[in-house]
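Working notes, beginning with the structure itself.
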Amino acid sequence: MAEIVNPQITDAVTQANVKVLAEGPAMAMGSIYQALAHSQSILFANMVAEQQRASAMANDHAFGSGKSK
Numbered sequence: 207m208a209e210i211v212n213p214q215i216t217d218a219v220t221q222a223n224v225k226v227l228a229e230g231p232a233m234a235m236g237s238i239y240q241a242l243a244h245s246q247s248i249l250f251a252n253m254v255a256e257q258q259r260a261s262a263m264a265n266d267h268a269f270g271s272g273k274s275k
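Per our numbering, residue 207 is the first one in the sequence shown, and the count goes up by one each step.
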């Protein structure tokens, strides 16, 4: 048996559902941008670590490690 529902209620629910569906693509792009930024920050951190490692190796090679051989 069908119940009579206030049209204002059904309209409010419909608008809320449409709003959620409309925001979906923007939320997805936000997540993608956030993942990209995180990946780039890891990339840059690894680049700095590699530069520091290479510099330390070059210094050891050029000036010796301070250990007697």
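Note that beta-carbon positions come from the ideal geometry of N, C-alpha and C, so glycine has one too.
Through-space distance from residue j to residue i, alpha-carbon basis
i: MET253; j: LEU242; result: 16 Å
i: GLN221; j: SER237; result: 24 Å
i: ALA232; j: SER247; result: 23 Å
i: MET263; j: MET235; result: 42 Å
i: PHE269; j: SER261; result: 12 Å
i: GLN257; j: LEU227; result: 46 Å
Other residues of its chain near residue i: CB distance less than 6 Å, five sequence neighbours each side excluded
i: LEU249; result: none
i: ALA218; result: none
Closer than 9 Å to chain D by CB, residue i
i: PHE269; result: Looking for chain D here will not work: only one protein chain is present.
Would you mind listing the alpha helix (DSSP H) stretches within the region 213 to 263 that are 4+ residues and don't spill past its ends, in chain order?
none
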